[in-house]
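Chemist: Pasting a structure below so you can have a look.
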Amino acid sequence: MSKLNVRVLSASLIGSAIEWFDYFLYGTVAALVFNQLFFVSEDPVMGLILAYTSFSIAFFLRPFGGVVFSHIGDRLGRKKTLVMTLSIMGLSTFAMGLLPTYQVIGIWAPIFLTCLRFLQGLALGGEWGGALLLAVEYAPKNKKGLFGSVPQMGISIGLILGSLAMSVMTRLPEAQFMSWGWRVPFLLSALLVLVGLWIRKGIDETPDFKKAQAAGEISKLPIADTLRFHWRAVLIAMGAKVVETAPFYIYGTFIVSYATSHLSFNRTEALNAVVIGSVVATILIPIIGHLSDRIGRKKIYLFGIVATVLYAFPYFWMLQQSSAFLLTLATVIGLGVIWGSLNAVQGTMMSEFFPAKIRNTGISLGYQLGAAVAGGTAPLVATALLATFNSSYVPVALYMILAAVISLIAIASVKGNSQTKERIDSKLEVSS
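Heads up: the sequence shown at position 33 corresponds to 27 in my numbering, and the numbers run straight through without jumps.
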């Protein structure tokens, strides 16, 4: 691998990891801190639901961020979006660490926190597409699956960093953790952002974008061209996203509050399980990505869909056994193996749905709409289902199965779509 490719993959991975670290940090702290210090309520369940609502609202900003920043990416280049999104994410996360609580400024505390969360959503909406295309569009033809999986590792690495940081801080005495300990990871994220910006500023535009630019194939209004000529591909990408995103936020975020509030685990055990599961995912993602260059993206994605259906009930049964080992094992299988397989090929698969001139807009729109509908709402829906059905996990397991069925329909519809069949299906089935 050339030095250029190493630098490109490093820029794609490091920036992505930092963005997701900042993003997931909010989700983890929402379950442990924000429900007590910002979204104050006499009913603890209502406080948690309000905290998760603030977590989910940002997901509905992600499609807007995707449209805005992907417009810049398709018009002016991928690199510019990557610098802008990382800067916005870093500043908003740092500001969260400085916010006074509800006990200090009253209702303004959750309002300011939610506004900063909005900025996180906008930034991440533009980050994912740019980081993915930076890797895929630099990749050799027979290694697009491998290269495309590298920025996807940033998701699990970000989750590792966020969970690990909070796992360390939760070892503080309760009073110190609630007073200042939770703020430390938010403030330290500024150092990571500076490193990411330094690396990203040293890379050039992708070859695919340069070719489109040289050929005069730059779209004047990418969102209009996408919705007019490629709306079916957007819907397919959106539907395919559901099985990856809804279970992911069950395995990686909801589990923290569920294990500590409804089961007998402490915060450190729950967070450590997420860290270990994320480590396994990080290791498997490039392996699965490389495998997809040989056997095809679609086969691996179908494996992940079927595995999600079959594992939904065993996952919760393992959690019910009140064993720290089974909690970790359940998370490793769900987050590490099943989600890791889906995530490894998802980005590359989606990028193959769209031509270069609107690719950033197409993948960002499909991905972020799917995330908004099924991802950010997952912890909120799961918490509401538990409250409604007397803490039974059965509705939550059925919810995960429903997510898988939706994605199965989306993937199956590729073959039934006469206008996109030849272009999309041939690219989904990558020959060995």
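We treat Cβ as the ideally placed atom computed from N, Cα and C, and that holds for glycine.
Using the Cα positions of Leu76 and Leu285, report the straight-line distance between them to the nearest angstrom.
Modeler: Within the sequence shown, the letter at position 82 stands for residue 76. Within the sequence shown, the letter at position 291 stands for residue 285. Cα to Cα, the separation comes out at about 28 Å.
Chemist: Does the stretch 174 to 189 come close enough to the stretch 33 to 46 to have 3 or more Cβ pairs within less than 8 Å?
Modeler: Cβ pair count under 8 Å is below three, so no.
Chemist: Counting only the same chain and skipping the five closest in sequence on each side, list residues whose C-beta sits under 7 Å from that of Glu131.
Modeler: Within the sequence shown, the letter at position 137 stands for residue 131. Closer than 7 Å at the Cβ level, and outside the excluded window around Glu131, lie Thr200, Pro201, Asp202, Phe203.
Chemist: With a threshold of 8 Å, are at least 3 pairs of Cβ atoms found where one atom belongs to the stretch 340 to 350 and the other to the stretch 118 to 132?
Modeler: In short, these stretches touch, since the Cβ pair count reaches three.
Chemist: Which whole runs of the alpha helix (DSSP H) in the stretch 63 to 143 are 4 residues long or more, in chain order?
Modeler: List check, alpha helix (DSSP H) in window: 72 to 90, 96 to 99, 102 to 130.
Chemist: In the DSSP assignment, find the unbroken alpha helix (DSSP H) run with Ser272 in it and report its ends.
Modeler: In the sequence shown, the residue the question calls residue 272 occupies position 278. Here the alpha helix (DSSP H) through Ser272 covers 261 to 289.
Chemist: Among Met172, Lys293, Pro373, whose alpha-carbon lies nearest the alpha-carbon of Phe28?
Modeler: Against the sequence shown, residue 28 aligns to sequence position 34. Comparing Cα positions, the closest option is Met172.
Chemist: Quick one, are the C-beta atoms of Phe53 and Gly369 less than 8 Å apart?
Modeler: If you number the sequence shown from 1, residue 53 lands on position 59. If you number the sequence shown from 1, residue 369 lands on position 375. The answer is yes: Cβ separation under 8 Å.
Chemist: Taking only three categories from DSSP, how would you classify Pro349?
Modeler: Indexing the sequence shown from 1 puts residue 349 at position 355. Here Pro349 sits in coil by DSSP.
Chemist: Can you tell me whether Pro38 is buried or exposed, with buried defined as 16 or more other CB within 10 angstroms of its CB?
Modeler: Translated into the one-based positions of the sequence shown, residue 38 becomes position 44. So Pro38 ends up on the exposed side.
Chemist: Asp198: which of Lys205, Ile249, Arg72 sits nearest, CA to CA?
Modeler: As a working note, residue 198 is residue 204 in the sequence shown. Looking at the Cα atoms, Arg72 is the closest of the given residues.
Chemist: Going by Cα to Cα distance, which pick from Ile99, Met90, Ile279 is closest to Val23?
Modeler: The sequence position of residue 23 within the sequence shown is 29, counting from 1. Selected option, being the one with the closest Cα: Met90.
Chemist: Note down the Cα distance separating Tyr165 from Cys109, rounded to an integer number of angstroms.
Modeler: Position 171 of the sequence shown, counted from the start, is the residue given in the question as residue 165. Position 115 of the sequence shown, counted from the start, is the residue given in the question as residue 109. According to the sequence shown, residue 165 is Arg rather than Tyr. In a straight line, the C-alpha of Arg165 is about 30 Å away from that of Cys109.
Chemist: To the nearest angstrom, how far is it from the Cα of Ala427 to the Cα of Thr247?
Modeler: Missing from the structure shown is residue 427; the chain here goes from -5 to 426 and no further.
Chemist: Using beta-carbon positions only, say whether Gly120 and Gly59 come within less than 8 Å of one another.
Modeler: Along the sequence shown, read from residue 1 onward, the residue named residue 120 stands at position 126. Along the sequence shown, read from residue 1 onward, the residue named residue 59 stands at position 65. Cβ atoms of Gly120 and Gly59: closer than 8 Å.
Chemist: Classify Lys214 as helix, strand or coil using the three-state DSSP reduction.
Modeler: Indexing the sequence shown from 1 puts residue 214 at position 220. Note: Lys214 maps to coil in three-state DSSP.
Chemist: Using alpha carbons as the reference points, say which of Gly123, Arg353, Pro134, Ile327 lies closest to Thr224.
Modeler: Position 230 of the sequence shown, counted from the start, is the residue given in the question as residue 224. Per the sequence shown, residue 224 should be read as His rather than Thr. If we check each option's Cα against that of His224, Arg353 comes out closest.
Chemist: Should Ser385 go down as buried or exposed, given a rule of 16 or more other Cβ atoms within 10 Å for buried?
Modeler: Locating residue 385 in the sequence shown gives position 391, where the first residue counts as 1. With fewer than 16 Cβ atoms within 10 Å of its Cβ, Ser385 is classed as exposed.
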